[in-house]
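Here's the structure we're looking at; comments come further down.
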Amino acid sequence: MPDPARLRDSTQIVLPRSALEGLGDQLEAEFPVTLFSDDDRRIRIIGSPVVIKDVTEFLARNGVALP
Numbered sequence: 057m058p059d060p061a062r063l064r065d066s067t068q069i070v071l072p073r074s075a076l077e078g079l080g081d082q083l084e085a086e087f088p089v090t091l092f093s094d095d096d097r098r099i100r101i102i103g104s105p106v107v108i109k110d111v112t113e114f115l116a117r118n119g120v121a122l123p
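Take the sequence shown: its letters are residues 57 to 123, numbered as in this note's numbering.
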């Protein structure tokens, strides 16, 4: 049986809300993802493992450092 934490890591990215400033609308327009805010400080980008990989590359190209 797969490890739930590993599955979560492949289907979401958790970032400080400030890291996505100006990129949130573009992310939702270009990728089939959901942006979910836990609180005022963090945001989750949720999508399929393939899409999350593409989003990771997109964020890196736009200067967003991933944890």
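By construction, the Cβ of each residue, glycine as well, lies at the ideal position given by its N, Cα and C atoms.
Remember, predicted model here, so these are calculated numbers, not experimental data.
Report yes if the C-beta distance between leucine 71 and valine 120 is below 9 angstroms; otherwise report no. In this structure, valine 120 lies closer than 9 angstroms to leucine 71 by Cβ.
So what's serine 74 in DSSP terms, helix, strand or just coil? Three-state result, serine 74: helix.
DSSP three-state assignment for leucine 122, whether helix, strand or coil: It is coil, neither helix nor strand.
Look up arginine 117 in the DSSP assignment and say whether it is helix, strand or coil. Under the three-state reduction of DSSP, arginine 117 is assigned to helix.
For isoleucine 99, which residues does DSSP report across the bridge? Leu71 and Ser93, per the DSSP bridge assignment.
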